[in-house]
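Please read the structure below before turning to the comments.
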Amino acid sequence: MAQDAVSSLVDKLIPLLTKEAKLLRGIHGEVADIKGELDNIQSFLKDADTRAAAEEDMSEGVKTWVKQVREVAFRIDVATDQYLVQVALHDPHRRGFRGLFQKTTHLLKTLKPRHEIAAEIQKIKASIQKIKERSERYGFQSTDQGSSSGSQSVMWVDPRKDSFYLDDTDVVGIETHRDKLIGWLVKGRSHRTVLSVVGMGGLGKTTLVKKVYDHRRVQGHFDCHAWIPVSQSYNVEGLLRSMIRQFRNARMESLMARIDAMDEELLIHELRDYLRKKRYVVVFDDVWKIDFWEDIKHALIDNNKGSRIMITTRNTEVVDFCKKSSPVHVYELQTLPPIEAWKLFCKRAFKFDFEGHCPPELRELSYGIIEKCKGLPLAIVAIGSLLSTKDKTIFEWKNLHDSLGFELGRSPHLSSVNKILSLSFEDLPYNLKSSLLYLGMYPEDYSISCIRLIRQWIAEGFVKETEGKTFEEVAREYLTELIHRSLVQVSEFDFDGKARRCRLHHLLREIILQKMKDFSFCHVLSKKGSNFEGLTRRMSVDRVSYDVLKGFEESHIHSLLLFNLDELPKSFMSTFFANFKLLKVMDFEDALLDFIPEDVGSLFHLRYLSLRNTKVRMLPKSIGKLQNLETLDLKQSLVFDIPVEINKLCKLRHLIAYHRDLQIDFSLTHEKGIKIQKGVGCLKNLQKLYHVELKHGGVHLINELGKLRQLRKLGIKNLSKETARALCDSIEKMNYLESLDISSISEDEIIDLQSISSPPQFLQRLYIKGYLEKLPDWISKLQHLVRLKIFWSRLNDDPLKALQNLPNLCDLDISSQAYNGEQLHFKRGGFSKLRFLCLRQLDGLNLLIIDKGALVLLETLLIGPSPQLKKVPSGIRYLKNLKVLGFCDMPKEFEEGLNPKKGPCYSIVEHVALVYLRHKVGRGYYDYTNRIIRSKNLTLAS
């Protein structure tokens, strides 16, 4: 990870030496020399990091060397940031004679900071030279020369070897998984088929597949079988030889001569000939390389005899590669449910005591320990085994409960857990390592907003520029890869299947926290420990007093995340930014904050500023000085007027600013946008602007919006009949627009959106809140549309006819008098991708027809209030994929028909997992009560 710190620093210096070379006047050569030396050191650092990962050959001298490299990288990073701040303080922007005068003054004023950084750079160069000399003393090899201690030669004792010797009584909770996999193996198509078991390290993939592989039904079904351990390093010829040996041994056949002398091509031919008339099964355990399939697919012939290939992996992308040339079944192994986790824990912790049962006095602490394991079998087994060696006392149990994170890195009983989970981290490229470590800055069990995380990664500089893609798209790919590698868990999905919120497994987070400390990546100030030591550029503060921040004068921190703090008073905030001049990321989300001081404008490097869900009412005019700001998040704050100075922020990409009043019900007035001043068209890089009030700018403001050609998401409030045409003209210019939210000034104001002749071709989400004389024709042409919500539109014609053939629509909401008609008819074959359907507050609706073969993928259906709809639509019985069915404030006879005991309509809905009735009980947005009619393994979200 020391190499990672240097790599990120080199990435930072490159644009400084090219695009911003003029800022380094007088020291450009020195900085270039440093970059060159860092390039040389990087290759040696890879060797050092590999040794550290393997926990071999890491003497105290080597550890000191790595630490010194990290400290030098820190010094360069800080010195560069400080210098750029000094230059920015005196940077002249004006031209002409006055500009020439200012330029001369600027050179004089920056002589001192140039001299200071030049002196610092000379010291840094001397330090780097000494470090380089020491690298030779410790025998590090450049990766360009070929490292003898590279990852290909890392040796360690694999803790999964226990899987080969476990009795059935030693494992729990695998019966359902085992039987499913056996069915896939011995039944189904005759084509060669790949079966993959996917999941994070420690889930028991090897244990499960070994039980399947050894099962008598499997052994008897196939002519020959082989179990091949793969892991991170393998030799293709070695794998092929191992397969030949195991296939022949299983059939008591002698090995052919000269097998060890055969090259890869001969081995492949030998295997194909041998397997041509046999039904075979082969297991490849612990595959890491994404394109592993390319190495072995030709050797395993598809002979139409029902042969099977099983793969265990942490990375779903390994499986995706197989789909090119073979049918694939994917089994995503999950963590143990609480009951099974408890059984496994007791089997281990009390194997020789209390007849395998937990004594009452240890039950509460045992539950707490199991909760920290989050259902991970490897952890439960390791911790249970450790506790089996301890005295069965409250003291011993509480000691482990309170220090589990520390024990993970110290106890030999838990080394297998640490190693298995750390392997996935060590396998990451350096930018993904930093991205993963960043999740450790969030509190335990915190459900992290993916878009928030992505914007912070970008602000940190973790995300590399890729031609043809936005930074946000590349960052989303990073997150997806971490999810595919089973390192990040998705805690909430969006309607379109993308990750909306994510988190770290508790034990993986403990390991991440230790690595953050080891690498000086971030310091976490929390109730568990608030002592700040060493060098770091990031800080996370959780559940401690703001007083702990007072000691950070002239802090080098560039990222600061605050969680669960007490009040941040005005007296404290007035000097806060003066102590954090190098901030890049400042996240105040949910903080008890009502004031931002004027000197926020001094934060030259600030790229991410979130005041979400705070009580801040006003932004200072100095906000216009934040020339590097990319994200300004004001959602659910009390900011309404945006200073005109914001138009100077040419790098701004995301301006999120609206307030939703949850004390009133859903209406045109329950959400309020922001007032933007003339000149917003200058923000050429803006991608998200959500929401803008049009009452304060009218047609002129809308014309300015038309200049924002990079917009991906736009929200408009208070659209009038007069401004609708101008908005249509501006929208046609937004070629990259993906999400559009339009609200009219009142429910009675007719807005005509018909004049858009060329809608944005990539539009995916469309929200229209207002009176439409007719549904705009262009909506039916939106081939990429996945979500459509219309409210208060008073349509007289059935909108389903225009919408039913949209190829990608998966979420449709027609509510709040959006349709005045009496009948809606979902016809056979229509809405083939729709998964979510809401039909709420349609007062005229008295008949809802659903044909057999319509809405075939629908999972959620919400209806009501519709006072004229007296009976449950009979077509609901055809919706075989329906999982959630809700009715709100429906007529009495409608609800009585759903009585499970005597309701005549209950049979229509009895195939649905969750059926509920909802009733409004107050004026607020969430003021509803719910009554469950039917529930099967599902719970109702509030």
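The sequence shown begins at 1 in the UniProt record's numbering and counts up one residue at a time. Positions of the beta carbon are idealized from the N, C-alpha and C atoms, including for glycine.
Output the distance between the C-alpha atoms of residue i and residue j, rounded to the nearest integer angstrom.
| i | j | result |
| --- | --- | --- |
| His-654 | Leu-689 | 6 angstroms |
| Leu-753 | Lys-419 | 59 angstroms |
| Gln-129 | Phe-74 | 16 angstroms |
| Leu-882 | Leu-603 | 52 angstroms |
| Leu-208 | Leu-378 | 12 angstroms |
| Lys-684 | Ile-512 | 38 angstroms |
| Thr-860 | Lys-769 | 22 angstroms |
| Phe-577 | His-558 | 11 angstroms |
| Met-262 | Tyr-274 | 15 angstroms |
| Tyr-546 | Cys-502 | 27 angstroms |
| Gln-764 | Lys-781 | 12 angstroms |
| Ile-244 | Gly-306 | 19 angstroms |
| Leu-708 | Ile-731 | 10 angstroms |
| Val-639 | Arg-617 | 4 angstroms |
| Leu-181 | Thr-631 | 47 angstroms |
| Gly-922 | Phe-887 | 17 angstroms |
| Phe-406 | Val-72 | 28 angstroms |
Does DSSP classify residue i as helix, strand or coil?
| i | result |
| --- | --- |
| Phe-580 | coil |
| Ala-591 | coil |
| Trp-288 | coil |
| Leu-898 | coil |
| Ser-151 | In this predicted model, Ser-151 has a pLDDT of only 39, less than 50, meaning its place in the structure is not dependable; the value taken from the coordinates is given anyway. Three-state DSSP puts Ser-151 in a helix. |
| Glu-671 | strand |
| Asn-703 | helix |
| Ile-642 | coil |
| Pro-359 | coil |
| Asp-851 | coil |
| Met-586 | strand |
| Thr-466 | coil |
| residue 960 | Because the chain spans 1 through 942 in this model, residue 960 falls outside it and cannot be assessed. |
| Leu-365 | helix |
| Leu-240 | helix |
| Val-283 | strand |
| Leu-611 | coil |
| Ile-933 | strand |
| Ile-863 | strand |
| Asp-402 | helix |
| Thr-389 | coil |
| Glu-270 | helix |
| Leu-626 | coil |
| Asp-633 | strand |
Measuring alpha carbon to alpha carbon, tell me which residue in the options is nearest residue i.
| i | options | result |
| --- | --- | --- |
| Ser-907 | Arg-877, Ile-933 and Phe-887 | Arg-877 |
| Pro-443 | Asp-641, Phe-292, Leu-619 and Leu-562 | Leu-562 |
| Lys-880 | Gly-238, Arg-835, Gln-764 and Asp-81 | Arg-835 |
| Asp-661 | Thr-575, Asp-927 and His-911 | Asp-927 |
| Glu-910 | Leu-898, Lys-920, Val-921 and Leu-917 | Leu-898 |
| Ile-458 | Gln-86, Glu-364, Glu-473 and Glu-467 | Glu-473 |
| His-357 | Leu-365, Phe-345 and Leu-785 | Phe-345 |
| Ser-447 | Ser-415, Val-488, Ser-190 and Pro-429 | Val-488 |
| Cys-810 | Leu-857, His-191 and Arg-258 | Leu-857 |
| Arg-840 | Arg-918, His-784 and Pro-429 | Arg-918 |
| His-659 | Asp-641, Ile-646 and Asn-647 | Asp-641 |
| Glu-589 | Asn-628, Leu-504 and Asp-542 | Asp-542 |
| Gly-698 | Leu-609, Lys-672 and Ala-726 | Ala-726 |
Contact defined as beta carbons within less than 8 angstroms: I believe residue i pairs with residue j. What is the distance between those atoms, to the nearest angstrom?
| i | j | result |
| --- | --- | --- |
| Lys-625 | Phe-595 | Not quite, the Cβ-Cβ distance comes to about 18 angstroms (not below 8 angstroms), so this is no contact. |
| Val-197 | Lys-187 | Not quite, the Cβ-Cβ distance comes to about 17 angstroms (not below 8 angstroms), so this is no contact. |
| Val-236 | Asp-295 | 5 angstroms |
| His-700 | Lys-678 | 7 angstroms |
Next on the checklist: Please give the ranges of any alpha helix (DSSP H) in the stretch 750-835, keeping only runs that are unbroken, at least 4 residues long and fully inside the region.
Outcome noted: As summarised for the stretch 750-835, the continuous alpha helix (DSSP H) elements at least 4 residues long and confined to that stretch are 800-803, given in chain order.
Next on the checklist: Which complete alpha helix (DSSP H) runs does the stretch 472-542 hold, if anything under 4 residues is left out?
Outcome noted: Counting only runs of 4+ residues, the alpha helix (DSSP H) found wholly inside the stretch 472-542 occupies 506-518, in chain order.
Checklist entry - Fully enclosed by the stretch 172-216, which beta strand (DSSP E) runs are 3 residues long or longer? => result Runs of the beta strand (DSSP E) inside the stretch 172-216: 193-198.
Item to check | alpha helix (DSSP H) runs contained entirely in the stretch 405-439, provided each spans 4 or more residues | outcome: Those alpha helix (DSSP H) runs which fall completely within the stretch 405-439 and span 4+ residues are 415-426 and 430-439.
Next on the checklist: I'd like the ranges of any alpha helix (DSSP H) spanning at least 4 consecutive residues and lying wholly in the stretch 316-340.
Outcome noted: If we require 4 residues or more, the alpha helix (DSSP H) runs fully inside the stretch 316-340 come out as 316-322.
Item to check | Entirely enclosed beta strand (DSSP E) segments - the stretch 866-896, minimum 3 residues | outcome: Counting only unbroken stretches of 3 or more residues, the beta strand (DSSP E) elements lying wholly within the stretch 866-896 are 884-888, in sequence order.
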